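For the sequence shown, this note's numbering assigns the number 39 to the initial residue and increments by one for each residue that follows.
A virtual CB, placed ideally from N, CA and C, is assigned to each residue, including glycine.
Keep in mind the model is a prediction, meaning the values are calculated, not measured.
To start, the structure itself, in structure tokens.
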Amino acid sequence: MISVLKNLTIEDRIVLHRLVVGIIFGAAVFAASFFVPPLTLSPLAWSTSVLVYYVTVVHIVVKYKPTSRFQTYLRGLATFYGAWLLTAIVLYEVAGHLGVRR
């Protein structure tokens, strides 16, 4: 597994990093749905996602030292947002089918 990760290009590593962060953030949004009302959770999740994405930008600049702004800011943008949205939606639906949610 580690040898596979070493063979990835910088763009693949950036996308993989943002995928993992997106899944973790989606799980956190789902967990927050148990404690925060939906009308409060939606703006909170979207505004926090911008901050989390900015943290990934800083982390990627420090760790991978990308050569272009495209790699820094845009590579993996859809992956991050798609991952957290799909993770939160899937967990919400699974919890509903299991009877955890109303």
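Check: Whole-angstrom C-beta distance between threonine 110 and valine 99, which should lie under 8 Å; Outcome: 6 Å
Check: Cβ-based burial, tryptophan 84 [other Cβ within 10 Å; buried from 16]; Outcome: exposed
Check: Limits of the unbroken alpha helix (DSSP H) element including glycine 114; Outcome: Here glycine 114 belongs to no alpha helix (DSSP H), and DSSP marks it neither H nor E.
Check: Outcome for isoleucine 52 when other beta-carbon atoms lying within 10 angstroms are tallied against a minimum of 16; Outcome: buried
Check: Exposed unless 16 or more other CB atoms sit within 10 angstroms - verdict on glycine 60; Outcome: buried
Check: Reference leucine 124, options Val42, Ala65, Lys44, closest by Cα; Outcome: Ala65
Check: Contacting residues, own chain, Cβ-Cβ under 8 Å from leucine 79 (five flanking each side not counted); Outcome: Val67, Ala70, Ser71
Check: Segment limits, alpha helix (DSSP H) that includes glycine 137; Outcome: First-last for glycine 137: undefined, no H or E at that position.
Check: Buried versus exposed, by CB contacts within 10 Å (16 or more), glycine 201; Outcome: The structure shown does not extend to residue 201, since the chain is modelled only from 39 through 140, so no value can be given for it.
Check: Beta-carbon spacing of valine 95, phenylalanine 63 below 8 Å; Outcome: no
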